Amino acid sequence: MSLEEEIRRLKVEKDAVLLAHNYQVPEVQDIADHVGDSLFLSRKAMEAKEKVIVFAGVRFMAETAKILNPSKTVLLPDLKAGCGLADSITGEQLREWKAEHPGAVVVAYINTSADVKAESDYCCTSSNAERVVQSVPEGKEILFLPDMFLGDYVRKKTGRAMHLWVGDCPVHAKMRPEDLEHARAAHPGAPVIAHPECGCSTAALPSVDRILSTDGMVRFAQETTAPVVLVATEVGILHRMRRLNPVTKFLPLSEGVICPYMKQIDLADVRDSLRDHQFVIDVPEATAVRARRALERMVAS
Ligand code: 13P
Ligand code: SF4
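Count along the sequence shown from 1, then add 78; that gives the number in our numbering.
Written as structure tokens, this is what we have:
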């Protein structure tokens, strides 16, 4: 029996749904019940009727699923699937930052630990960060964390004053404005789409055609008629884009933009996770109750 067949059989036997992020390896995306960005997958996790949610993504995504749908068993197939950006701020650091700004509203990107979410008023993802920030009552001081590039982008788009935590994604921050210049020179006229976590997204903003979440990029891929599109994000997304639009050539803005955390999970890990019920992601109830408030605002936005 192939690994794919085993996984399909185990999903039925264990009453499980398999969610996969757009950056997962192609074969994991292909066997998943739902593939998408953080917001889409959070909503799918919240609505899941199955007993078990297997999250082929990273830890903060699995924690979010557990917080939003606490009666389910949430499994992360590999515990090494963390997130460098989420590691850039701890709950303790956020408490200290809040103490310096009494009364400020905290908007946390979903790429944070459950402890950080519990200290936050709102959560957002790359697809709804602008809407979430706009929903904060005017005149409130805002602390935005942890991604300074996303924060700066949202600050410009909304015109809202925000204090930014100086964190970044080690994968996206590597892309520099020079990469954009080189790619543009090699493919004149090709549209450039970029994730807001990119280090180049703020400095080179005027020359990027669209700043989009990963699902926003997938929608762009479905609709474009351009012969070549330059894609500034993790290379895992190219699989979905190429499958949905085999005519356009989708090229990474820079080679080697690979998230090591997103690449921890392979088909054998998914099979083992389903078969051996590993690795269970739990969030202490006291933390979950506080984090849920911020996450419910995110899924409603
Ligand atoms: P998306 O929500 O746009 O999929 O982004 C998640 C992420 O981790 C990007 O690095
Ligand atoms: Fe985290 Fe960056 Fe990987 Fe996204 S690409 S999961 S932000 S380390």
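Even glycine gets a Cβ: it sits at the ideal position worked out from N, Cα and C. Please read these numbers as outputs of a predicted model, since none were measured by experiment.
Could you say which of the options lies nearest to residue i if we only look at CA atoms?
i	options	result
residue 362	195, 113 and 81	195
residue 292	239, 154, 270 and 204	204
residue 246	330, 122 and 166	166
residue 149	124, 240 and 177	124
residue 117	318, 188 and 344	188
residue 99	139, 241, 81 and 91	139
residue 240	115, 182, 141 and 330	182
residue 104	331, 320 and 369	320
residue 171	156, 90, 191 and 158	191
residue 93	230, 131 and 311	131
residue 184	332, 229, 351 and 310	229
residue 331	160, 364 and 262	262
residue 322	206, 300, 91 and 154	300
residue 227	238, 214, 244 and 215	244
residue 338	304, 325, 153 and 163	163
residue 399	265, 212, 354 and 248	The shown model of the chain, from 79 to 379, leaves out residue 399, and the question about it has no answer.
residue 152	90, 142, 159 and 177	142
residue 155	370, 358, 178 and 366	358
residue 365	135, 126, 197 and 101	197
residue 326	370, 340, 343 and 305	305
How would you write the range of the alpha helix (DSSP H) that residue i sits in, first residue to last?
i	result
residue 367	363-378
residue 315	315-322
residue 109	104-109
residue 272	Careful: residue 272 lies outside any alpha helix (DSSP H), inside the beta strand (DSSP E) at 270-272.
Could you check whether residue j and residue i sit closer than 7 angstroms to each other, using their CB atoms as the reference points?
i	j	result
residue 336	residue 313	yes
residue 290	residue 145	no
residue 121	residue 377	yes
residue 85	residue 318	no
residue 111	residue 96	yes
residue 208	residue 236	yes
residue 81	residue 353	no
residue 60	residue 272	In the structure displayed, the chain extends from 79 to 379; residue 60 sits before or after that span and is not available.
residue 169	residue 193	yes
residue 90	residue 134	no
residue 342	residue 176	no
residue 210	residue 202	yes
What is the residue span of the beta strand (DSSP E) that residue i lies within?
i	result
residue 211	Residue 211 -> not in any beta strand (DSSP E); alpha helix (DSSP H) instead, spanning 207-212.
residue 187	183-187
residue 200	200-202
residue 359	No beta strand (DSSP E) contains residue 359, which DSSP labels as neither H nor E.
residue 260	No beta strand (DSSP E) contains residue 260, which is instead part of the alpha helix (DSSP H) from 255-264.
Quick check: does the Cβ of residue i come within less than 6 angstroms of any heavy atom belonging to ligand 1?
i	result
residue 379	no
residue 365	no
residue 292	yes
residue 149	no
residue 115	yes
Taking 6 angstroms as the line, does the beta carbon of residue i fall inside it for any heavy atom of ligand 2?
i	result
residue 249	yes
residue 169	no
residue 136	yes
residue 201	no
At least three beta-carbon pairs within less than 8 angstroms, the segment 207-225 to the segment 252-263: no
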